[in-house]
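Counting in UniProt numbering, the sequence shown runs from 1 upward without gaps.
Below you'll find the structure, written out as structure tokens, and then a few comments.
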Amino acid sequence: IIRKVSNGLDKVPLLARQLYSSVLASLSSRNEESTPPSPPSPLDSGDTNEMSEWKSNPRDKALLRDTWSDDFSALYDLGSDIYLHIFNQNPACKSLFPWIVKYEEEGRDFTQGKEFRSQALRFVQTIAQVVKNVYHLERMESYLYDIGQRHVQYATRGFKPQYWDVFQDAMQAALTNRMNTLPELAKEDRERVILIWRDIALYIIVHMKGGYNDGLKGINRFPSLIM
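So, in structure tokens, the structure goes:
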């Protein structure tokens with residue numbers, strides 16, 4: 001059973017709120033292409049577990065955006081649900097975060113710490129980037145790839161390649177739960193958007209995993225990202 005973190009937004013550090021606001025402002029300032037909705041057509045991901053390109057239609061993209069919220073509380077709750085799913089399904093993932101180990105050794109609830117709140121927001125900001133660029137997803141490939149590359153440094157902490165699948169499952173579960181709480185969705189739209197979000201989670205992880213696997217081999221397909 002996934003524990004629900006008490007909202008506790010009043011405890012979220014001002015710095016975290018400011019970081020979140022600045023990211024949203026940056027994203028919103030980008031020019032976005034708007035395309036009128038059209039009748040839905042089948043997603044192009046098929047049954048494969050690999051999808052480097054998400055091919056859809058304007059109706060799907062509009063539905064994706066309509067079911068996303070930049071509300072601070074909604075984002076925090078989503079990020080919390082993702083991480084709680086990860087830790088409940090695979091407790092070994094906690095070892096990737098030294099502050100969790102410290103909290104548990106001291107008998108404290110790590111979900112009430114500022115580190116957990118910041119980590120939860122960091123995860124959903126990545127999803128927000130994808131949503132903002134849904135009409136230009138080619139822009140996101142290098143961004144997600146670079147996140148995967150940077151995770152190579154966590155291999156010494158015990159990060160395993162199969163953890164990408166754990167992250168994917170957690171995203172899909174949390175997003176599905178969120179879609180099921182939206183009362184304004186018609187049954188057909190709800191079923192459709194759950195499939196769309198599952199594909200988006202897969203798209204994100206495929207590119208992160210690609211960057212990680214290349215990083216383990218000393219390969220970087222986007223060397224301009226190196227600071």
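Even glycine gets a Cβ: it sits at the ideal position worked out from N, Cα and C.
Here the structure is a predicted model, which is why all the values come from computation and not from measurement.
Taking the alpha-carbon of residue i as reference, which of the options has the nearest alpha-carbon?
i           : options                           : result
Gln125      : Glu105, Gly210, Met171 and Lys209 : Met171
Ala74       : Pro91, Lys160 and Asn177          : Asn177
Glu141      : Asn220, Gln89 and Asn90           : Asn220
residue 236 : Trp68, Gln112 and Gln89           : Outside the displayed range of the chain (1 to 227) lies residue 236, so it cannot be described from this structure.
Phe72       : Glu105, Gly218 and Ser118         : Ser118
Ile200      : Lys160, Leu185 and Leu137         : Leu137
Ser203      : Leu185, Ile127, Pro98 and Glu184  : Inspection of the sequence shows that residue 203 is occupied by Tyr rather than by Ser. When each option's Cα is compared against that of Tyr203, the closest is Ile127.
Arg150      : Arg59, Asn57, Gly218 and Pro58    : Gly218
Going by beta-carbon coordinates alone, are residue i and residue j separated by less than 8 Å?
i      : j      : result
Ile196 : Leu63  : yes
Gly215 : Val152 : yes
Gly148 : Ser95  : no
Val134 : Arg65  : yes
Tyr154 : Cys93  : no
Val166 : Asn90  : yes
When we look at the beta-carbon of residue i and count the other beta-carbons within 10 Å, is it buried (16 or more) or exposed?
i      : result
Val206 : buried
Val101 : exposed
Lys55  : exposed
Gln168 : buried
Lys61  : buried
Lys114 : exposed
Met208 : buried
Could you name the residues of the same chain whose beta carbon sits closer than 6 Å to that of residue i, not counting the 5 residues immediately before and after it, in chain order?
i           : result
residue 232 : This structure cannot settle anything about residue 232, because the visible part of the chain is limited to 1 through 227.
Arg108      : none
Phe110      : Ile100, Tyr103 and Phe116
Ala173      : His85
Gln129      : none
Please go through the same chain and pick out, in chain order, the residues whose beta-carbon is closer than 7 Å to the beta-carbon of residue i, but skip the five residues on each side of it.
i      : result
Ala120 : Tyr76, Gly79, Ser80 and Tyr83
Phe87  : Cys93 and Lys94
Suppose the cutoff is 8 Å on Cβ atoms and the five residues either side in sequence are ignored; what does the same chain contact list for residue i look like?
i      : result
Arg190 : Met179, Asn180 and Leu182
Arg139 : Asn133
Thr185 : Note that residue 185 is Leu in the sequence shown, not Thr. Result list for Leu185: Thr67, Met179 and Val193, in chain order.
Is any non-hydrogen atom of the ligand MG found closer than 7 Å to the C-beta of residue i, if you look at the structure I gave you?
i      : result
Thr181 : In the structure shown, the ligand MG is absent, as is every other ligand, since no ligand is present at all.
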